[in-house]
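Student: Residue numbers (the working numbering), protein chains in the order written: chain A, 37 to 747; chain B, 31 to 502; chain C, 517 to 712.
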Amino acid sequence: MLTTFWSSWVILVVLAFFAVMIYVVGSYWRINKDADKDRELYTFDGVGENDAKIPRILLLAYAIGFVAVAIFFLLYPGMGNWGGLMGWKSQDELQFFADGSLTEAIQSAGAGESTGSGAANLEQLAQSDEVIGYGATLFKTHCAACHGDDAQGQKHFPNLTDDESLYGGSDQSILHAIEHGRHGVMVGWRDVLTDQQIENVSAYVASLQPERQLSVSPVSLISGEELFSYNCSVCHGDDAKGNQQVGASDLTDAVWVHGGSLEDIENTVRNGLDSPMPAFGDQLNREQILALAAFIKRKQLQSSKHLATLNGATIKRGEYLAYAGDCVACHTAENGELFGGGLPFPTPFGNVYSTNISPHRDKGIGRYTYDEFARAVRDGKGKHGNLYPAMPYTSYQYVTDEDTQALWQFLQSLPPVNRENTPDTMMFPSNIRMGLGAWNLAFFDRDPLSYPGDKSEKWKRGKYLTLGLGHCAECHTPRNLAQAMKSDAPMQGNVIDYWNAPDITANELYENGWTEKDIVDFLKTGDSAKGTAFAGMADVVKNSTRHMSREDLSAMATYLLEGDVGNVRDPARKRLAPSGFTAADKQREEYRLFAETCGACHGQDGEGRKDIAPALLGNGIIAHSEPYNTIAVVLRGLSPDYLEPNRDYMPMTSFNDIAGDGQIAAVITFIREKLGGRDTPVTREMVRDLRRTLEKNRVTGGFHEQELPPQ
Amino acid sequence: MEADYNIRVVKYFIVTALAWALVGMLVGLMLAAQLYWPALNFDSEYFQFGRLRPLHTSGVIFGFTVNILMGTSLYIVQRTGRTPLFNNTLAWMVYWGWQLVLMLAVITLPLGFTTSKEYAELEWPIDILIAVVWVMYAVLFFGTVGKRTVKHIFVSNWFFGAFIIVIAMIFIVNNLEYPVSLWKSYSIYSGTQDAIVQWWWGHNAVGFLLTAGIIGMNYYFISKATERPIYSYRLSVVNFWGLVGFYTWAGTHHLIYSSVDDWVQNLGIIMSLLLWLPSWAGAFNNLMTLLSNKEKLKHDFVMLFFLSAVIYYALATLEGPLLSIRWFNMVAHNTEWIVGHVHSAALGWVAMSGFAVFYYFIPRLWGYTEMWSRRLMKWHFWFSHIGITLYAVALWIGGIGQGYMWLKQNADGSLAYSFVESMNFVGPWFLMRFIGGAFFVAGVLIMLYNFYRTLTQSWDAREPAREVAYAD
Amino acid sequence: MLTKEFTQSVWILILSVIAVASLSLLAWVLPNLFTKSELVKNSTAKPFTALQLAGRDIYISEGCANCHSQMVRPLAAEVARYGRFTTAEDDIYEYPNLWGSKRTGPDLANLGRKYSYQWHEAHLRDPRAVVPTSIMPAYPWLFEKRLSGERIGRKMEVLRSLGVPYTDAEIDRARLEVRNKTYAQALIAYLQSLGE
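Printed below as a string of structure tokens:
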């Protein structure tokens, strides 16, 4: 509001202004008849100025304009505090309206509340398409930015479509949350617990989900459990199942609102949470809140209805097949949420990151149909373009429809993981997925597997599992420059991450003395008479093969031992027969070195020591025609794999800084001959070259350094 | 006496204006691309949309437009007053002073030194520099008008005069600020007061820099290009006072339905509607002048550019008053429609006028009569038209659709569309706008190439008589 | 004067333009400057805290106002979308106004508390992580740069002299309040204060 003085001032200035304008227009109107368009009044620099008439219409328009302005200012605000005869204010245009259609829809849906008779029944309201229509638009405007268009949530914002609810999923609780908001608070433990304690308790919390594979020591879990019962159980309960009274979450399930990777959990424990959900009671009326809640209820019903359509037995089989295909190992980041993706695959062209294959509609594969899923798995064609062959679709192509369907059902039954995919860092031009079409054309062999009639059913089953889901060839078959498997050298071994995925051709396995039982033991437990699984193979056993039945494993063993096209066993090959150390051997200089270094753990005769180190006598790696792994183990050392509690060996130290190239070559040659029966020598140059490669890539130095990221 | 005219400084201004036209529009094109491909912000502090946008507006307004207006005004004032510049040293101080302002803008805006006030983003030390340069420019211009050797002041000089005076007034009032440090200050006004002052500036910057100044330039050059007298002297007087009068009042149409008092909003609406009349009066005067030489209009691209500019001016000055009516404003406010409106005026009127003047003026300044290639002028002409059409149509559809979606309510009063849906709707139109902008910028590149070839022609192409009139 | 003489005398030209152009200044710019005291009297607005003020200056510096308005119009749809419409009393401490003129993104006048801190963090780091079709730039550097707090006291003193009622104690504490906070923390503190 202006003061009277300023109001009068405004009126005077406005009037003065119009007086000036009317004067200018008026004075020209009066003399307009004198004009002559052909008369040149002045010339400036050759630019003449003629004296045409002002168009009459302009003068008239001015006159009408001035009159209209006068009328306008009489009727409407404009002249200072004068409000106008119409009594109009711009804020009067703010008229909320509701034609009652929503109220009607709610009433006709038969929910009691709007008639005042008792509580609303959301399930009943959710049946009304009309109510849901209103709810859907409200959801998009007010909720979707956090909870996502499909209400499946994202990191820090809960999935509204599942049965999980921090505060219990009752109708009243949903309505309360919308109307009054929620405020999830957890204190940060940064100042109370040490970093080590936070790591331990987080590891313990992560371990509550039994399917999860964590690389943490058992000691830290024990400490974590103690810390948990001391600090966390007050809210989350002794069984960690949470408490809906205070909105403390259930930590034993796979639902992680604030991220479930070990890192995320540590972060939450360290910094606490302050996670408010705003109250919408001021912005939305009761009917709108009901419509919104009904929409959410509809989403929940849809999701549970969908889950109900999945077949329990098929899911179970799908889970088994997912283990056989080792899906989880690649599609889970280290210590991350299961199937949430994010594991890096270093390639010469940059990193490819595995993707989230949980049924999250925005972050995972929730929008895939079965056909799209099958195309991705078997043809390498994702919805966003061709997949990199880091995804072994070259092997999965052999998986049957029935098995693919089972896998699909299993994946759909999982809880959606809200983890965003990590963008790949592939360099140009390999970052253009279209180019992979050319790769597929050149290297993707689409011939189906052959199952010759003379082979046993067991062999056929073995072939299907080994080359299909098991995708053993992806590691054990050497690759060419374009990273495609060499089809003429199946199972002949390949170096990956500076370990050798060894030659496992029928010849090699036979020579080294592997039996069906050895292979089954090895795949089922990671340990066998022929040695233990380590490095990448330990992960395979841990995540995949140990979950498979002995029957399937022995089928695979049969296939591997009997061989196949291009991998035929040569009858001339003889089994190697290591002699062990004779009395004369023990006098040799090499034996002295062996006894001082290897013998302390592996036994003076290389027979191995329980709980300390495996046998070297008859060991498949020692006897192997390719000495790469033997040299690499000596240079790199090994860390325990936590494969099975209480069944681990001790870590093996790296001899990189302890023994010279020549010494290592001599000892390895010696033990290969005596304990493996392999008489091809390992030279000083072989050790030196491999050592240089390993050092250059910073993977030497044993288990201490191996903990470092490979960069 | 003509030998004493300072043409050299005019050449400097014109070439600099040409360079800024390209730079300013390229930055604009980049912004249009960023709106469609957000990855083009490159996660860079210095290159993201929020920092780059004032560089675009400053580049085209203070770089391109002010340079061309300073250049042409100093030329016209000398020739139509039959007198050399009042002071040559001052002229060069204005030139270099203004280029210093622009250089500082190019450095400080990407660094985030901004007041955030639209079209007045530059921080206080640069504001002081601008004020100083502007006063020097005013002294130079009016000093030269004062020592003219003809009785009357030519119509262009009234408009240039109004442009200089009003910009000085509104610039100083709007930029009163309290320094905190070398590159940070706070406006001395807050909230509604600040908004009122801001739009008194904001709209008058459009009215006097982009309108009055350009009109002044055009009165002279249209008549020159047409080789005919200006159609009506008395109409130009009514045009002049109508603009000076009504324009300064119209700014509050930017504040309709805001928390500013209704009476202030309504004054802005009324004056914006009345502004339609003097705007069309001016357009009519220009149009009649152009039409008085229909023969030349058929083939001369300078005249065709002028004709296009006048038509776009008429369209924009019709659309403007329309947009200030509450019913239209309700839908259009804050949408892409406004951006489209600004650009159909800025590209159609300001830039097209600029192109016409460049094409007419630059060859003659260097002693040539014609451009190197008429065909390239034709390409430029059509590229500009395609560009503006795509641009305006895209943002009409995008803007009106967006405004409609924001306001659309269901029968029960709830909102029909979420904000994200309105963004998704605009997306494709952003792409079309980018393509339109790309056409327009491509036209500028064609023009630059044509100038390059024109000015590197052999001396034979020069016309000796012209050399006397235009050489410095 | 306005019909003949101004075309013949440079002084009349100058003075008559000044006179006509000043009328708008006198009619609607000047009187509004005198309504401030009444606005202050009726306002419930609170001055920004030191951290919020630092955040607001980041908002200004990054040019957020180019794409986000802070002016909810008194229209039903607008109030339904953005909440309470803005009044003149709300903005008495807005030096300068940040109403903006364009909604490339939504209005932010009542943004405070509408989203959680984590949402703002995720959104500023990568808008497309939370709103897949967003075209907002990402602002990763806000999480790296930290405030020293050296200037904040002076800023508050300047604002106090312009009319914001900061106390000596508030100005004293300001440096410690913002020191070492990331730009993102300050900006989010400001965003969460909008419409409070």
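By construction, the Cβ of each residue, glycine as well, lies at the ideal position given by its N, Cα and C atoms.
Is it buried or exposed, proline 488 (chain A), if we count other Cβ atoms within 10 angstroms and call 16 or more buried?
Tutor: On the first sequence, position 452 is the one that residue 488 (chain A) refers to. The residue is exposed, with fewer than 16 neighbouring Cβ atoms inside 10 Å.
Student: Check whether chain A comes within 7 Å of alanine 161 (chain B), counting only Cβ atoms and requiring the distance to be less than that.
Tutor: Residue 161 (chain B) sits at position 131 when you count from the first residue of the second sequence. No, alanine 161 (chain B) does not count as interfacial toward chain A.
Student: With DSSP run on the structure shown, which of helix, strand or coil describes threonine 568 (chain A)?
Tutor: As a first step, residue 568 (chain A) is located in the first sequence; it is residue number 532 there, counting from the start. Three-state DSSP puts threonine 568 (chain A) in a strand.
Student: DSSP three-state label for arginine 665 (chain C), please.
Tutor: For the purposes of this step, residue 665 (chain C) is taken as residue 149 along the third sequence, with counting starting at 1. Just to set this straight, residue 665 (chain C) is glycine in the shown sequence, not arginine. Here glycine 665 (chain C) sits in coil by DSSP.
Student: Determine the DSSP secondary structure at phenylalanine 238 (chain B), reduced to helix, strand or coil.
Tutor: Taking the second sequence and counting its residues from 1, one reaches residue 238 (chain B) at position 208. Three-state DSSP puts phenylalanine 238 (chain B) in a helix.
Student: So, is leucine 110 (chain A) buried or exposed, given that buried needs 16 or more other C-beta atoms within 10 angstroms?
Tutor: The residue given as residue 110 (chain A) occupies position 74 in the first sequence. The residue in question, leucine 110 (chain A), is exposed, as its Cβ has fewer than 16 Cβ neighbours within 10 Å.
Student: Would the beta-carbon of glycine 416 (chain A) fall within 7 Å of that of tyrosine 434 (chain A)?
Tutor: Taking the first residue of the first sequence as 1, we reach residue 416 (chain A) at position 380. Taking the first residue of the first sequence as 1, we reach residue 434 (chain A) at position 398. Result no, Cβ atoms of glycine 416 (chain A) and tyrosine 434 (chain A) do not sit closer than 7 Å.
Student: Helix, strand or coil for valine 526 (chain C), going by three-state DSSP, please let me know.
Tutor: By one-based count along the third sequence, residue 526 (chain C) stands at place 10. It is helical.
Student: Does the segment 58 to 72 of chain B come close enough to the segment 142 to 162 of chain B to have 3 or more Cβ pairs within less than 8 Å?
Tutor: Because the criterion of three Cβ pairs below 8 Å is not met, the segment 58 to 72 of chain B and the segment 142 to 162 of chain B do not touch.
Student: Taking the alpha-carbon positions, what's the leucine 285 (chain B) to tyrosine 682 (chain C) distance?
Tutor: On the second sequence, residue 285 (chain B) is found 255 positions in, with the first residue counted as 1. On the third sequence, residue 682 (chain C) is found 166 positions in, with the first residue counted as 1. C-alpha separation (whole angstroms): 30 Å.
Student: Ordered along the chain, which non-local residues of its own chain (more than five positions away) have a Cβ less than 7 Å from that of valine 680 (chain C)?
Tutor: Numbered from 1 along the third sequence, position 164 holds the residue referred to as residue 680 (chain C). Excluding residues within five positions, the ones whose Cβ falls inside 7 Å are Pro563, Tyr609.
Student: Would alanine 574 (chain A) pass as a contact of aspartate 647 (chain A) if the rule is Cβ separation under 7 Å?
Tutor: Taking the first residue of the first sequence as 1, we reach residue 574 (chain A) at position 538. Taking the first residue of the first sequence as 1, we reach residue 647 (chain A) at position 611. Contact: no.
Student: Following the continuous beta strand (DSSP E) through serine 215 (chain B), name the residue where it begins and the one where it ends.
Tutor: Indexing the second sequence from 1 puts residue 215 (chain B) at position 185. From DSSP, the beta strand (DSSP E) with serine 215 (chain B) extends over 214 to 217.
Student: Looking only at C-alpha atoms, which of B:Ser215, B:Val39, B:Tyr76 sits nearest to isoleucine 106 (chain B)?
Tutor: In the second sequence, the residue the question calls residue 106 (chain B) occupies position 76. Selected option, being the one with the closest Cα: B:Val39.
Student: Mind checking tyrosine 287 (chain B): buried by the 16 CB within 10 Å criterion, or exposed?
Tutor: For this step, residue 287 (chain B) is matched to residue 257 along the second sequence. Burial call: buried.
Student: Give me, in chain order, the residues of the same chain whose beta-carbon lies closer than 8 Å to that of isoleucine 473 (chain C); leave out the 5 immediate sequence neighbours on both sides.
Tutor: No answer is possible for residue 473 (chain C): it lies beyond the span of chain C, which begins at 517 and ends at 712.
Student: Identify which residue in C:Arg670, C:Gln568, C:Arg691 has its Cα closest to the Cα of proline 209 (chain B).
Tutor: Translated into the one-based positions of the second sequence, residue 209 (chain B) becomes position 179. Looking at the Cα atoms, C:Arg670 is the closest of the given residues.
Student: Could you tell me which of A:Ala239, A:Glu85, A:Gln143, A:Asn665 sits nearest to isoleucine 532 (chain A), measuring between CA atoms?
Tutor: Stepping through the first sequence from its first residue, residue 532 (chain A) is reached at position 496. Checking every option, the nearest Cα to that of isoleucine 532 (chain A) belongs to A:Asn665.
Student: Kindly list the residues whose CB is nearer than 7 Å to the CB of asparagine 530 (chain A), restricted to its own chain and excluding five residues on each side of it in sequence; keep chain order.
Tutor: Residue mapping note: residue 530 (chain A) aligns to position 494 of the first sequence, counting from 1. The residues are Cys511, His512, Thr513, Pro514, Arg515, Ala537.
Student: Between the beta-carbon of leucine 559 (chain A) and the beta-carbon of leucine 517 (chain A), is there less than 7 Å?
Tutor: Within the first sequence, the letter at position 523 stands for residue 559 (chain A). Within the first sequence, the letter at position 481 stands for residue 517 (chain A). Against a cut-off of 7 Å, the Cβ pair of leucine 517 (chain A) and leucine 559 (chain A) comes out as no contact.
Student: Please list the partners that glycine 312 (chain B) has in chain A, where partner means a Cβ-to-Cβ separation under 9 Å.
Tutor: Along the second sequence, one-based indexing puts residue 312 (chain B) at 282. Correct list: empty, because the minimum Cβ distance to chain A is about 11 Å.
Student: Under three-state DSSP, which class holds alanine 499 (chain B)?
Tutor: In the second sequence, residue 499 (chain B) corresponds to position 469, counting from 1. In this predicted model, alanine 499 (chain B) has a pLDDT of only 47, less than 50, meaning its place in the structure is not dependable; the value taken from the coordinates is given anyway. Helix, per DSSP.
Student: Isoleucine 760 (chain A) and glycine 642 (chain A) look like a contact to me (Cβ under 8 Å); what is the Cβ gap, rounded to whole Å?
Tutor: Lying before the first or after the last residue shown, residue 760 (chain A) is absent from chain A, which here runs from 37 to 747.
Student: According to DSSP, glutamine 439 (chain B) sits in a beta bridge with which residue or residues?
Tutor: Here residue 439 (chain B) refers to the residue found at position 409 when the second sequence is read from its first residue. For glutamine 439 (chain B), which the question treats as bridged, DSSP gives the partners B:Leu445.
Student: Determine whether the Cβ of aspartate 81 (chain A) lies closer than 7 Å to any Cβ atom of chain B.
Tutor: The residue labelled residue 81 (chain A) in the question sits at position 45 within the first sequence. At least one chain B Cβ lies under 7 Å of aspartate 81 (chain A).
Student: In three-state terms, what does DSSP make of glycine 152 (chain A)?
Tutor: Position 116 of the first sequence, counted from the first residue, corresponds to residue 152 (chain A). Unreliable placement is indicated for glycine 152 (chain A), whose pLDDT of 44 sits below 50; the coordinate value is still reported in the next sentence. Coil.
Student: Measure how close the beta-carbons of valine 96 (chain B) and tryptophan 122 (chain B) come, nearest whole angstrom, since I'm counting them as under 8 Å.
Tutor: Stepping through the second sequence from its first residue, residue 96 (chain B) is reached at position 66. Stepping through the second sequence from its first residue, residue 122 (chain B) is reached at position 92. About 16 Å; that fails the 8 Å criterion.
Student: In terms of alpha-carbon separation, which member of A:Thr391, A:Thr541, A:Ser63 lies closest to leucine 489 (chain C)?
Tutor: The question about residue 489 (chain C) has no answer, for chain C in this structure spans 517 to 712.
Student: I need the DSSP call for valine 291 (chain A), collapsed to helix, strand or coil.
Tutor: As a working mapping, residue 291 (chain A) is identified with position 255 in the first sequence. Coil at valine 291 (chain A), not helix or strand.
Student: Apart from the five residues just before and just after glutamate 343 (chain B), which ones in its own chain have a Cβ nearer than 6 Å to its Cβ?
Tutor: In the second sequence, the residue the question calls residue 343 (chain B) occupies position 313. In the sequence on display, residue 343 (chain B) carries tyrosine and not glutamate. Excluding sequence neighbours, tyrosine 343 (chain B) sits near Ala313, Trp379.
Student: Consult DSSP for lysine 417 (chain A) and reduce its assignment to one of helix, strand or coil.
Tutor: Reading the first sequence from its first residue, position 381 is the one you call residue 417 (chain A). Correct three-state label for lysine 417 (chain A): strand.
Student: Would you identify the three-state DSSP class for proline 656 (chain C), choosing helix, strand or coil?
Tutor: Within the third sequence, numbered from 1, the residue matching residue 656 (chain C) stands at position 140. Looking at proline 656 (chain C) - three-state DSSP - the assignment turns out to be helix.
Student: Any beta-carbon of chain B closer than 7 Å to the one on leucine 692 (chain C)?
Tutor: If you number the third sequence from 1, residue 692 (chain C) lands on position 176. For leucine 692 (chain C), the answer is no, since every Cβ of chain B falls outside 7 Å of its Cβ.
Student: Can you tell me which residues form a DSSP beta bridge with arginine 334 (chain A)?
Tutor: The residue you call residue 334 (chain A) lines up with position 298 of the first sequence. BP columns for arginine 334 (chain A) are empty, so no partner.
Student: Along the chain, where does the alpha helix (DSSP H) containing isoleucine 37 (chain B) start, and where does it finish?
Tutor: Indexing the second sequence from 1 puts residue 37 (chain B) at position 7. Isoleucine 37 (chain B) -> no alpha helix (DSSP H), and no H or E assigned at all.
Student: For asparagine 296 (chain B) and chain A, any beta-carbon pair shorter than 7 Å?
Tutor: The residue labelled residue 296 (chain B) in the question sits at position 266 within the second sequence. Closer than 7 Å: yes.
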